[in-house]
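Visitor: Shown below is the structure under consideration.
Following this line, the structure appears as C-alpha cells:
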C-alpha cells in the first residue's frame, strides 16, 4: 500500500466517513426521542389550545355545539377596543404591575444580598423567607383577607396610630394596595431563592481584588454584584412582569373584583366574560390581546436589561 493511502485530509484531520454521518443521525434521533414526550404534551396542552383560542376569537363561539359557531371576523377585537370595562381592567392591571414589580424585584434582591452575608442563623432566615411560597393562593388570600378586614390586625394597628381605615378590601382606594401587599409577601420567596443562588455563584476573588483597590460596598455591588447577576435578574424581572400581568387568584379570592370594579384585572375580566357571561369568543379575544402585550413587554425587558451596555 502506498504512502498516499495513509495521508490525512487537506485540513490535517481524517477524511469524513459514512460512519460519521450515521453517528450524527443516531445522535439526532436520540435527542428527538428524549424530546418527543415533551413535544407531544406541549402540542396537546399548549400549542393546541393556543391555536384553538385564536380560532375562537374570530367566532361567536358556541361552547355546546362548536360546529354552529358563527364566524364574525374581527368583531370581537373591535368590540374590545370600545369596551370601557376592558380598559378599566387594563388600568387596574397596570396599576398592580407598577406597585408589585419594582417592590418584588428590589425586595428579593436585598433579601438575597442580606442573607448571603455571614450572619448567625442565616439558614433559619432562608427558611422563614421562603416559607410563604409553599402556601397556595387560596390560603394566602383567605389569610390576608382576615388581616385586612374591619376586625383584622392591620386596621387595628392603623387605628392605634390614629389612622382609621376600616376594612381595606371594601375601600376602592385601599383594595388594590392590600392585594399588592399580599402578593409581595407571597412572591418574594421565589425570586429570593433564584437571586440568592445567583449571588452565591459570584466568585469571591472579585470582591477580594476590589477590596484591595479600596472599593466601597456600594461600588462593589454596582460594578461586581449586579453585572455578575445580570442574567438571573433579567429572568426575575421578566417572570415577575408576566406573573403580575396575569394576576387572578388574589383579587378573585379577596375582593371578587370589587369594590366598584377597582380590583378587576384583565385575567379576571376574561374569566367573568367566559364563565359568567358565556361569551367565549370575546374572552378568547381578550386573552390574545393580553398574550400579545406579554410578548411585547417581555421583549422590551429582554432588550433593555439584556444589552451588553457597551
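In the working numbering, the protein residues as written are 870 to 1179.
Each residue gets a CB set at the ideal place from its N, CA and C atoms; glycine is no exception.
None of these values were measured; they are calculated from a predicted model.
So what's residue 1070 in DSSP terms, helix, strand or just coil?
Guide: DSSP places residue 1070 in coil when its eight states are reduced to three.
Visitor: Can you name the residues that DSSP bridges to residue 929?
Guide: DSSP, once it has assigned bridges, lists 939 as partnering residue 929.
Visitor: Indicate the three-state DSSP secondary structure (helix, strand or coil) for residue 1115 in the structure shown.
Guide: In the structure shown, residue 1115 sits in coil (DSSP, three-state: anything other than H, G, I, E or B).
Visitor: Closest by CA to residue 1099, which one among 1162, 1077 and 1070?
Guide: Nearest of 1162, 1077 and 1070 to residue 1099, Cα basis: 1070.
Visitor: To test your reading of the DSSP string, which unbroken alpha helix (DSSP H) runs of 4 or more residues are found completely within the stretch 1076-1151?
Guide: Counting whole runs of 4 or more residues, the stretch 1076-1151 contains the alpha helix (DSSP H) stretches 1086-1089, 1099-1114, 1118-1123 and 1135-1140.
Visitor: Alpha carbon to alpha carbon, how far is residue 971 from residue 923? Give it in angstroms, no decimals.
Guide: Each residue's alpha carbon lies about 32 Å from the other.
Visitor: May I have a chain-ordered list of the alpha helix (DSSP H) segments no shorter than 4 residues that lie completely inside the stretch 936-988?
Guide: You should have 944-950 and 953-984.
Visitor: Taking C-alpha atoms, which residue in 975, 897, 1168 and 1025 lies nearest to residue 1054?
Guide: Cα-wise, what sits closest to residue 1054 is 975.
Visitor: Any idea if residue 1045 is buried or exposed, counting beta-carbon neighbours within 10 angstroms, 16 or more meaning buried?
Guide: It counts as buried.
Visitor: Where do the N-terminal and C-terminal ends of the alpha helix (DSSP H) with residue 1004 fall, by residue?
Guide: No alpha helix (DSSP H) holds residue 1004; DSSP gives it neither H nor E.
Visitor: In terms of residues, what are the limits of the alpha helix (DSSP H) holding residue 1024?
Guide: Residue 1024 -> alpha helix (DSSP H) spans 1022-1029.
Visitor: Please report the distance separating the alpha-carbon of residue 836 from that of residue 927.
Guide: Summary: the structure shown does not reach residue 836, with the chain confined to residues 870 through 1179, and so no result is reported for it.
Visitor: Check each candidate in 1012, 1113, 1109 and 997 and name the one with the smallest Cα separation from residue 1060.
Guide: That would be 1109, whose Cα lies nearest to the Cα of residue 1060.
Visitor: Taking DSSP as the reference, what is the three-state secondary structure of residue 891?
Guide: It is helical.
Visitor: Out of curiosity, what's the CA-to-CA distance linking residue 1031 and residue 1024?
Guide: C-alpha separation (whole angstroms): 10 Å.
Visitor: Less than 8 Å between the beta carbons of residue 1150 and residue 945, yes or no?
Guide: Closer than 8 Å, so yes.
Visitor: Please classify residue 1125 as buried or exposed, where buried requires at least 16 other C-beta atoms within 10 Å of its C-beta.
Guide: Label assigned to residue 1125: exposed.
Visitor: Let's test the definition: count the other Cβ atoms within 10 Å of the Cβ of residue 1085 and tell me whether it reaches 16, buried, or not, exposed.
Guide: Exposed is the call here.
Visitor: So, using beta-carbon positions, are residue 1051 and residue 1009 closer together than 8 Å?
Guide: Cβ atoms of residue 1051 and residue 1009: closer than 8 Å.
Visitor: I need the straight-line Cα distance from residue 1005 to residue 1121, nearest angstrom please.
Guide: Rounded to whole angstroms, residue 1005 to residue 1121 spans 14 Å at the Cα level.
Visitor: Just the Cα atoms here: how many angstroms apart are residue 1019 and residue 1035?
Guide: Using only the alpha carbons, I get a separation of about 5 Å.
Visitor: Within 10 angstroms of its Cβ, does residue 1101 collect 16 or more other Cβ (buried), or is it exposed?
Guide: The residue is buried, with at least 16 neighbouring Cβ atoms inside 10 Å.
Visitor: Decide if residue 1013 is buried, meaning its Cβ has at least 16 other Cβ atoms within 10 Å, or exposed.
Guide: The residue in question, residue 1013, is buried, as its Cβ has 16 or more Cβ neighbours within 10 Å.
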